[in-house]
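Let me begin by presenting the structure, written as structure tokens, before commenting on it.
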Amino acid sequence: MRVIVPPIKSQGIKTKLVPWIQALVPAAHGRWIEPFLGTGVVAFNSGFRKALLSDINPHVIRFYQKVKEREITPSSVRRFLETEGQRLREASNDGYAYFRVVKDRFNTSQNPLDFLFLSRAGFNGMMRFNRNGGWNIPFCQKPDRFNRSYVTKIVNQVHDVACLIQPEWEFIVAPFEKVIPLATKDDIIYCDPPYLGRYVDYFSGWTDEDEKRLFDLLYKTPARFILSTWHHNDFRENPMIGQLWSKFNIVTRDHFFHSGGKIENRRAIIEALIFNFSANIRIHNYGVEPKPEQLVLFEERVEYIAQQLSRADVV
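Residue numbers (the working numbering): 15 to 329.
Next up, the structure:
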């Protein structure tokens, strides 16, 4: 499976976990609903024709809405990044002076292309905002960040998501409390909230009370849901697994992440998927092994995504 990587970056992005998540998704005739869209990586690999995608971060939603409306296109992104990248290379203080110009401009105008620039030029792929909603991540200190090959990579990512966004995909700015009650029995809800007790790379914080409200809503929903969270690491366990989520089905697997650019900062964590349906899988080596009927469904979605990526109307 080729994983579609979105143009927006953030720590905690689920790119490496997408095949594991998608191997669990059951057949459904309704919508793919994500109350915590984030970068959108799981949604773009879902293969659903209908979707309700929300987040409380208005910048993410605005960016993808503009892609859907064709106001942001691969060609417009290329022109923008080539121009802004040249200004970054020529700026004083090894590019920092112009990074600050773009940051200040974004904090005033909230231009979605400036948001893309900051997402790709920020330190360590992080996304964080201050209490006033302003960008709060420093420069990556790479004045040649937007070289030709890197710009082409981003342009290709914009092309891919533009191909995959369907007419019946709805993007809204809303909290999860407003979105989950909209689900019906035919829908699939995928939740990837901030991980309680860990680094929160999000537009706002996440508390015990937030997690309990999420549990209550998912407990009551007629839809089938999948929740991503962390299970444990070498030092401690996620207390909410025992307090709340153990009432549902749980599968786990090892996952490694980097908290910095050095190999010694590589950390292991056990990720968990929590779900409320009978899955066509076998638990296998801290992962899942799809049964034959689930493999057919998975392959159909992969084929559909491949067909969408070959569209000729996205330039």
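Idealized CB from N, CA, C, for every residue including glycine.
Bridge partners - residue i, DSSP secondary structure assignment
i              : result
proline 304    : Ile295
histidine 246  : Glu251 and Ile284
threonine 266  : Ala286
arginine 238   : Ile202
alanine 65     : Trp46 and Trp183
tryptophan 149 : Phe143
Run of the beta strand (DSSP E) containing residue i, from where it starts to where it stops
i                 : result
tryptophan 46     : 46 to 48
phenylalanine 137 : First-last for phenylalanine 137: undefined, no H or E at that position.
Check whether residue i and residue j have beta carbons under 8 Å apart
i                 : j                 : result
phenylalanine 160 : glutamate 104     : no
valine 175        : glycine 54        : yes
arginine 238      : asparagine 290    : yes
leucine 102       : phenylalanine 113 : yes
isoleucine 288    : asparagine 263    : yes
leucine 178       : phenylalanine 58  : yes
leucine 132       : phenylalanine 94  : no
leucine 67        : glutamate 184     : yes
aspartate 222     : glutamine 155     : no
glutamate 307     : isoleucine 295    : no
Residue i - containing alpha helix (DSSP H), residue span
i              : result
histidine 73   : 72 to 82
tyrosine 209   : Unbroken run through tyrosine 209: none, as it is neither H nor E.
valine 329     : Taken as a continuous stretch (DSSP letters only), valine 329 belongs to no alpha helix (DSSP H), as it is neither H nor E.
tryptophan 183 : Tryptophan 183 -> not in any alpha helix (DSSP H); beta strand (DSSP E) instead, spanning 182 to 187.
serine 89      : 88 to 104
serine 123     : 110 to 123
aspartate 174  : 162 to 178
glutamine 36   : 32 to 36
glutamate 85   : Neither: glutamate 85 is in no alpha helix (DSSP H) and is coded neither H nor E.
valine 193     : 190 to 193
valine 56      : 55 to 58
Residues of its chain near residue i, where Cβ-Cβ distance is below 7 Å and the 5 sequence neighbours each way are ignored
i             : result
serine 235    : Reading off the sequence, residue 235 comes out as threonine, not serine. Only Ile194, Ala197 and Ile203 meet the Cβ criterion.
aspartate 200 : Ala42, His43 and Gly44
histidine 246 : Asn252 and Ile284
tyrosine 209  : Thr243 and Trp244
proline 20    : Thr53, Gly54, Val55, Phe58, Gln171 and Val175
Cβ-based neighbour list, residue i, same chain, cut-off 6 Å, excluding 5 preceding and 5 following
i                 : result
leucine 258       : Phe229
valine 187        : Pro72 and Ile75
methionine 64     : Before going on, a small fix: residue 64 reads as lysine here, not methionine. For lysine 64, where only same-chain residues beyond five positions count, the Cβ hits under 6 Å are Arg45 and Glu182.
glutamine 322     : Cys177 and Leu178
arginine 84       : none
valine 7          : Here the chain comprises residues numbered 15 to 329, so residue 7 is not present and cannot be evaluated.
glutamine 100     : none
aspartate 224     : none
valine 316        : Met15
isoleucine 86     : Lys80
tyrosine 318      : Gly61
phenylalanine 153 : Tyr110 and Phe113
aspartate 47      : Position check: residue 47 holds isoleucine in this sequence, whereas aspartate was assumed. Here the set comprises Leu66, Ala197, Asp201 and Ile203.
Beta-carbon contacts of residue i that lie in its chain and below 8 Å, excluding the five residues immediately before and after
i              : result
glutamate 314  : Gly61
asparagine 170 : Pro88
isoleucine 240 : Ile35, Leu38, Val39, Ile202, Ile203, Tyr204, Cys205, Leu287, Ile288 and Phe289
serine 24      : Gly52, Thr53, Ser133, Gly139, Met140, Met141 and Asp215
Chain C within 8 Å of residue i, Cβ atoms only
i            : result
arginine 101 : Absent from the structure: chain C. Only one protein chain is present.
Any non-hydrogen atom of the ligand ZN within 7 Å of residue i CB
i            : result
arginine 267 : Of the ligands one can find in the structure shown there are none, so the ligand ZN has no counterpart to examine.
Examine the Cβ distances between the region 178 to 197 and the region 137 to 149 and report whether three or more of them are shorter than 8 Å.
Cβ pair count under 8 Å is below three, so no.
Mind the definition here: the region 148 to 162 touches the region 28 to 44 only if three or more C-beta pairs lie below 8 Å; say whether that holds.
no
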